[in-house]
Amino acid sequence: MDARFSADEHFRRGQDWLDAERAAAALEHFRAAHSLQRDNPRYRSYYGLCVGLVERRFNKALELCSSAVKEEFFNPDLYLNLARVHLAFGFKAEGLRYLRRALMIDPGNEGARTTLEQLGRRRRPVLRFLPRRHLLNRWLGRARRSIGASEGDLAAAGAPGRGPHEG
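Right, here's the structure in full:
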């Protein structure tokens, strides 16, 4: 990295690379910004996000992003980064929790709103009389997803528990 750049310039360039979906290039700039100003929670959070996305080091990414959120708990972008780390490693429930927290702080946060929309809505269990985590519901849910059937398709096909007078 160019030693002539300030921490702010490294951070700005890192954001540009991240916006262009080039996390590896962004990582180097965020790492430089963080090393120049270790006490800056924004730099720490974005560095943590890229450590998770590029280097796949969940514990390090979580440590960096969590410490940033604790220090600057009113910044929705830091919660978004924490959510993105969790989502990148398959922890959807935790990711959703932090996305909702970001939206509680700033309901107009475009990044959190877009990420939440990309995740989509959770469908109802196929067999509503059984718990969502029941093996049969999980298996049938995977089958439904693989064939691309919607809940309406199942109701039209006469699937149990999906009639017009039920539920």
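The sequence shown begins at 1332 in the numbering used here and counts up by one. Every residue gets a Cβ at the ideal spot worked out from N, C-alpha and C, and that includes glycine. Quick caveat: nothing in here was measured; it's all calculated off a predicted structure.
Three-state class that DSSP yields for residue i in the structure shown
| i | result |
| --- | --- |
| Asp1437 | coil |
| Gln1449 | helix |
| Glu1352 | coil |
| Phe1460 | coil |
| His1465 | coil |
| Gln1346 | helix |
| Asn1406 | coil |
| Phe1420 | coil |
CA nearest to the CA of residue i, picked from the options
| i | options | result |
| --- | --- | --- |
| Asp1408 | Leu1461, Glu1394 and Tyr1377 | Tyr1377 |
| Asp1437 | Leu1413, Leu1427 and Phe1405 | Phe1405 |
| Arg1387 | Phe1420, Val1400, Ser1398 and Gln1368 | Phe1420 |
| Arg1431 | Gln1449, Leu1411 and Val1416 | Leu1411 |
| Asp1370 | Asn1390, Val1400, Asp1350 and Glu1352 | Val1400 |
Neighbourhood of residue i by C-beta, 8 Å cutoff - its chain only, sequence neighbours within 5 removed
| i | result |
| --- | --- |
| His1496 | Any reading at His1496 must be qualified, since the residue scores a pLDDT of 42, below 50, and its modelled position is unreliable; the value itself is stated next. So no residue of the chain qualifies. |
| Gly1472 | Arg1454, Pro1456 and Val1457 |
| Phe1389 | Gly1383, Val1416 and Phe1420 |
Same chain, Cβ closer than 7 Å to residue i, neighbours up to 5 away in sequence not counted
| i | result |
| --- | --- |
| Tyr1374 | Ala1338, Phe1342, Phe1361, Ala1364, His1365 and Gln1368 |
| Ser1397 | Leu1413 |
| Gly1426 | Ala1414, His1417 and Leu1418 |
| Gly1345 | Ala1357, His1360, Phe1361, Ala1364 and Tyr1377 |
| Ala1490 | Any reading at Ala1490 needs caution, since the residue's pLDDT is 49, under 50, leaving its predicted position unreliable; the model's value is listed next. So no residue of the chain qualifies. |
Contacting residues, own chain, Cβ-Cβ under 6 Å from residue i (five flanking each side not counted)
| i | result |
| --- | --- |
| Glu1402 | Pro1372 |
| Ala1356 | Trp1348 |
| Ala1392 | Gly1379, Val1382, Gly1383 and Val1416 |
| Arg1463 | Pro1456 |
| Tyr1429 | Tyr1410, Leu1413 and Ala1414 |
Expected contact under 8 Å - CB spacing of residue i and residue j to nearest Å
| i | j | result |
| --- | --- | --- |
| Ala1354 | Leu1395 | Actually they do not touch by this definition, with Cβ atoms about 14 Å apart. |
| Ala1433 | Ala1443 | 4 Å |
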